[in-house]
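Colleague:
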Amino acid sequence: MRPSIHVALTRRALLLSAAAPLAMALPAAAAANVAESFVDDNIHKGLEILRDKKLNTVQRRDQFETLLLGLVDVRRIALFTLGQYRRTAPPEDVDAFVNAFKNYAAAAYQSYFAKYTNQTLKVTGSTERSPTDFIVQTLLVEPNSNQPPAEVDFRVRTDTGKPVLVDVAYQGIWLSLEQRDQFVAFLGQNNGNVRTLIAHLSELAVNLAKPT
Amino acid sequence: MGLCGLVLAGCATAPASPEALAANDPYEQTNRDMLKFNAKIDKYFVIPTVGVYFLLVPEGGRRGVHNFLGNLSLPTIFVNDMLQGELSRAGKSMWRLVINSTVGIAGFWDPASKIGIPGHGEDFGQTLAVWGAKEGPYLVLPFFGPSNPRDATGLMVDTAMDPTNQIPIKQHLWWAAGREYFTLLDLRAQTYQTIQGIQRNSVDYYSSLRNFYRQFRNEQIRNGRNRAQDLPDF
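Keeping their order, the protein sequence lines are chains A and B.
Going by the working numbering, the first residue of the first sequence is number 1, and it counts up by one from there.
Going by the working numbering, the first residue of the second sequence is number 213, and it counts up by one from there.
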């Protein structure tokens, strides 16, 4: 059973989400609560989909992808991971990359979270980096384990009027930073050709979607 | 010295690309070659041994080995806690050493964690970072893997300060070899799935590993504090 503070946060989030466009104008504490509730509600929804034994593989993948793409600002993350090549790549290549990244991210996130379906995530607090930029801290608790719970942080931006997820960190290691280093290195070895990266990402997304 | 010479000899060969320089990895090509060499060692020597280890030693036994090796590192962790001015953490390391070496029977069990004193890592590379030393260029060391001049120096200092390395020379060679062998087995057994996951999800495994290593070390140096600092805007 989740602690009662989460129930209170959820109720508060429901009230606040009705006024989502006003989130930027909210006092810092309320905005932080919006970010925490956003993570708390949606991560549990995601884990419930992954745990649902009534769904077949395709249904599970589709439902998880739909939920994820509604929460994550894919375009913002994709452009970040292109590093300096974002400025030099043709606009049509950038758009095609964002689309390929979307498929890759959905497969990669599902692959990450599928490992944690037996664990529970508890929101423990948040840090405000700016009035529209929050790090929501959670603990990943594994039942019947004597290991300390793993720390999973979610970066939530609210500058577009509604909370969106832009990054996730496991024990302090941020996924988008790691992806940016990989993509920039790959592009550096391939004459900055974004189309090569798109082809590689598409292939990787297909492989990730296959059962291990 | 031999390892350093091998690394530096390779460093002089190819000019660094702008991306490599931007990533503070001027010896990238040498590092990539070294990663391939380490991967071969891993594939042909380490992984088969890990398989045998999993077959012969049950999970409880592997946990005992992991606890024992962790207990052996506690004097070094304690010294580094002190050198970093982390007195509270130093106290925890001391209590862990006392409790696990006695009640935990030479460290094979970990009763300290059960009473709320979980373990933590520290090493001289982290101490140098706390004292203000920069990491320097990225290096992949033969056998040891991802590193940098600061962490490689720390590795040597930790080895020199480890009290178990003061055992007289005849026994020491067997002791040191056995300990390193089991440390490698334990590390590979613990990280097998993680490494597989990184390889499977990576567009470029080398740069993925480089980034993981740097973020992981920074997290260790911060002791998990101030995680929200120094993040880029996007």
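Glycine residues also receive a C-beta, built at the ideal position from the N, C-alpha and C atoms.
The structure presented is a predicted model; accordingly, all values stated were derived computationally and were not measured.
1) How about residue 68 of chain A and residue 109 of chain A: do their beta carbons lie closer than 7 Å?
2) Closer than 7 Å, CB to CB, is residue 280 of chain B near chain A or not?
3) At which residues does the beta strand (DSSP E) containing residue 150 of chain A begin and terminate?
4) Count the C-beta pairs between the stretch 404-418 of chain B and the stretch 297-307 of chain B that are closer than 8 Å, then say yes if the count reaches three, no if not.
5) Report the neighbours of residue 241 of chain B on chain A: residues whose CB is nearer than 8 Å to its CB, in chain order.
6) Between which residues of its own chain and residue 308 of chain B is the CB-CB distance below 7 Å, once the five residues before and five after are set aside?
7) Can you give me the Cβ contacts of residue 208 of chain A inside the same chain, cut-off strictly under 7 Å, excluding the 5 residues immediately before and after it?
8) Going by DSSP, what residue range makes up the beta strand (DSSP E) through residue 55 of chain A?
9) Taking Cβ positions only, does residue 57 of chain A come closer than 7 Å to chain B?
10) For residue 336 of chain B, I'd like the list of residues in its chain whose CB is within less than 7 Å of its CB, leaving aside the five on either flank, ordered along the chain.
11) Could you spell out where the alpha helix (DSSP H) holding residue 248 of chain B opens and where it closes?
12) Would you say the stretch 151-158 of chain A touches the stretch 180-194 of chain A, given that touching needs at least three Cβ pairs under 8 Å?
13) Who are the Cβ neighbours of residue 119 of chain A in its own chain at under 7 Å, not counting the five residues just before and after it?
14) Between which two residues does the beta strand (DSSP E) harbouring residue 128 of chain A extend?
15) How big is the Cα-Cα spacing for residue 86 of chain A and residue 180 of chain A?
16) Does residue 229 of chain B have its Cβ less than 7 Å from a Cβ in chain A?
17) Cβ of residue 352 of chain B within 7 Å of Cβ of residue 243 of chain B?
18) Using the beta-carbon count (16 or more within 10 Å), is residue 310 of chain B buried or exposed?
19) If you count every other CB in all the chains shown that lies within 10 Å of the CB of residue 188 of chain A, and 16 or more means buried, which is it?
20) Which residues share a DSSP beta bridge with residue 167 of chain A?
21) Against chain A, which members of the stretch 274-303 of chain B pass a CB distance test of less than 9 Å?
22) From residue 46 of chain A to residue 66 of chain A, what distance separates their C-alpha atoms?
23) Do residue 319 of chain B and the ligand FMN come close, with the Cβ less than 6 Å from some heavy atom?
24) Cutting at 7 Å between CB atoms, please list the residues of its own chain near residue 204 of chain A, excluding the five before and the five after it.
25) Pull up the CB-CB distance for residue 165 of chain A and residue 71 of chain A, whole angstroms please, since I reckon it's below 8 Å.
26) Are the CB atoms of residue 431 of chain B and residue 125 of chain A nearer to each other than 7 Å?
27) Residues bridged to residue 358 of chain B by DSSP?
28) What does residue 200 of chain A reach in chain B if we use C-beta pairs closer than 7 Å?
29) Go ahead and pull the three-state DSSP assignment for residue 443 of chain B.
30) Quick check on DSSP: helix, strand or coil for residue 89 of chain A?
31) Counting only the same chain and skipping the five closest in sequence on each side, list residues whose C-beta sits under 6 Å from that of residue 283 of chain B.
32) Beta-carbon of residue 431 of chain B versus every beta-carbon of chain A: anything under 7 Å?
33) Is it the case that the Cβ atoms of residue 168 of chain A and residue 93 of chain A are separated by a distance below 7 Å?
34) Looking at chain B, is there any beta carbon in it that lies within less than 7 Å of the beta carbon of residue 65 of chain A?
35) Which residues bound the beta strand (DSSP E) around residue 177 of chain A?
36) Among the candidates B/398, B/441, B/440, whose CA atom is the shortest distance from the CA of residue 265 of chain B?
Modeller: Taking the definition as stated:
1) Indexing the first sequence from 1 puts residue 68 of chain A at position 68. Indexing the first sequence from 1 puts residue 109 of chain A at position 109. Yes, Cβ-Cβ distance for residue 68 of chain A and residue 109 of chain A is below 7 Å.
2) Start at 1 with the first residue of the second sequence, and residue 280 of chain B comes out as number 68. For residue 280 of chain B, the answer is no, since every Cβ of chain A falls outside 7 Å of its Cβ.
3) Residue mapping note: residue 150 of chain A aligns to position 150 of the first sequence, counting from 1. Residues 150-157.
4) The count of Cβ pairs closer than 8 Å, one atom from the stretch 404-418 of chain B and one from the stretch 297-307 of chain B, stays below three, leaving the stretches out of contact.
5) Your numbering for residue 241 of chain B matches position 29 in the second sequence. For residue 241 of chain B, none of the residues of chain A pass the 8 Å Cβ criterion, the least Cβ distance being about 11 Å.
6) The residue given as residue 308 of chain B occupies position 96 in the second sequence. Cβ neighbours of residue 308 of chain B beyond the five flanking positions: 286, 324, 329, 331.
7) Against the first sequence, residue 208 of chain A aligns to sequence position 208. Contacts found: 107, 108, 111.
8) The residue you call residue 55 of chain A lines up with position 55 of the first sequence. DSSP places residue 55 of chain A in no beta strand (DSSP E); its state is neither H nor E.
9) Your numbering for residue 57 of chain A matches position 57 in the first sequence. Chain B contact via Cβ: absent.
10) Translated into the one-based positions of the second sequence, residue 336 of chain B becomes position 124. For residue 336 of chain B, where only same-chain residues beyond five positions count, the Cβ hits under 7 Å are 292, 366, 369, 370.
11) Taking the second sequence and counting its residues from 1, the one referred to as residue 248 of chain B is at position 36. Residue range 240-253 is occupied by the alpha helix (DSSP H) that includes residue 248 of chain B.
12) no
13) Counting from 1 along the first sequence, the entry for residue 119 of chain A is found at position 119. Excluding residues within five positions, the ones whose Cβ falls inside 7 Å are 140, 141, 142.
14) By 1-based counting over the first sequence, the position of residue 128 of chain A is 128. Looking at the DSSP string, the run of the beta strand (DSSP E) that includes residue 128 of chain A is 120-130.
15) Within the first sequence, residue 86 of chain A is the residue found at index 86, counting from 1. Within the first sequence, residue 180 of chain A is the residue found at index 180, counting from 1. C-alpha of residue 86 of chain A to C-alpha of residue 180 of chain A: approximately 11 Å in a straight line.
16) Working through the second sequence from its first residue, we reach residue 229 of chain B at position 17. Output row for residue 229 of chain B: interface = yes.
17) Residue numbering aside, residue 352 of chain B sits at position 140 when the second sequence is read from its first letter. Residue numbering aside, residue 243 of chain B sits at position 31 when the second sequence is read from its first letter. For residue 352 of chain B and residue 243 of chain B, yes; Cβs fall inside 7 Å.
18) Here residue 310 of chain B is taken as the residue at index 98 of the second sequence, counted from 1. Exposed is the call here.
19) Within the first sequence, residue 188 of chain A is the residue found at index 188, counting from 1. Looking at its Cβ environment, which holds 16 or more other Cβ atoms inside 10 Å, residue 188 of chain A is buried.
20) Position 167 of the first sequence, counted from the first residue, corresponds to residue 167 of chain A. Looking at the DSSP assignment, residue 167 of chain A forms a beta bridge with A/155.
21) none
22) As a position in the first sequence, residue 46 of chain A is number 46, starting the count at 1. As a position in the first sequence, residue 66 of chain A is number 66, starting the count at 1. About 10 Å.
23) The ligand content of the structure shown is nil, which means the ligand FMN is not present either.
24) If you number the first sequence from 1, residue 204 of chain A lands on position 204. The residues are 104.
25) Here residue 165 of chain A refers to the residue found at position 165 when the first sequence is read from its first residue. Here residue 71 of chain A refers to the residue found at position 71 when the first sequence is read from its first residue. About 5 Å; that satisfies the 8 Å criterion.
26) As a working note, residue 431 of chain B is residue 219 in the second sequence. As a working note, residue 125 of chain A is residue 125 in the first sequence. Taking a C-beta distance under 7 Å as the contact criterion, residue 431 of chain B and residue 125 of chain A do not qualify as a contact pair.
27) On the second sequence, position 146 is the one that residue 358 of chain B refers to. Paired residue(s): B/352.
28) Stepping through the first sequence from its first residue, residue 200 of chain A is reached at position 200. What residue 200 of chain A touches in chain B: 415.
29) In the second sequence, residue 443 of chain B corresponds to position 231, counting from 1. In this structure, residue 443 of chain B counts as coil in the three-state DSSP scheme.
30) Counted from its first residue, the first sequence places residue 89 of chain A at position 89. Coil.
31) Residue mapping note: residue 283 of chain B aligns to position 71 of the second sequence, counting from 1. Contacts found: 312, 319.
32) Counted from its first residue, the second sequence places residue 431 of chain B at position 219. For residue 431 of chain B, the answer is yes, since a Cβ of chain A falls inside 7 Å of its Cβ.
33) The residue labelled residue 168 of chain A in the question sits at position 168 within the first sequence. The residue labelled residue 93 of chain A in the question sits at position 93 within the first sequence. Not in contact: residue 168 of chain A and residue 93 of chain A (Cβ atoms no closer than 7 Å).
34) Residue 65 of chain A sits at position 65 when you count from the first residue of the first sequence. No, its Cβ sits nowhere closer than 7 Å to a Cβ of chain B.
35) For the purposes of this step, residue 177 of chain A is identified with residue 177 of the first sequence, where counting begins at 1. Note, residue 177 of chain A: premise wrong, no beta strand (DSSP E); alpha helix (DSSP H) at 175-189.
36) Counted from its first residue, the second sequence places residue 265 of chain B at position 53. Residue 265 of chain B has its Cα closest to that of B/398, out of B/398, B/441, B/440.
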